[in-house]
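What follows is a short report on a single structure.
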Amino acid sequence: MFSFLGLSVEQAQRLREEQSVYMLDSSRINIAGLNANNLGRVVEAVAAVL
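So the sequence shown is numbered by my numbering: it starts at 1 and just counts up by one.
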């Protein structure tokens, strides 16, 4: 299952390079890999590039 986050290419690249959160440049991310152990970290990483 995937979700489109609506981030810019630059924001998606920053997530990869600075936060080690991987997604396509289109900001499509695999949400099936999210769980209680990593959700908070992913949310904080996305917030950091907004």
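Using N, Cα and C, we set each Cβ at its ideal position, and we do this for glycine too.
Cβ pair residue i, residue j closer than 8 Å
i: Ala12; j: Met1; result: no
i: Arg14; j: Val49; result: yes
i: Val43; j: Asp25; result: no
i: Leu7; j: Ser20; result: no
Min CB distance residue i to chain C below 8 Å
i: Val42; result: The chain inventory of the structure shown lacks chain C, comprising one protein chain alone.
Which of helix, strand or coil DSSP assigns to residue i
i: Leu39; result: helix
- request: Taking only runs that begin and end inside the region 1-34, name each unbroken beta strand (DSSP E) of 3 or more residues, in chain order.
  value: If we require 3 residues or more, the beta strand (DSSP E) runs fully inside the region 1-34 come out as 2-4, 28-30.
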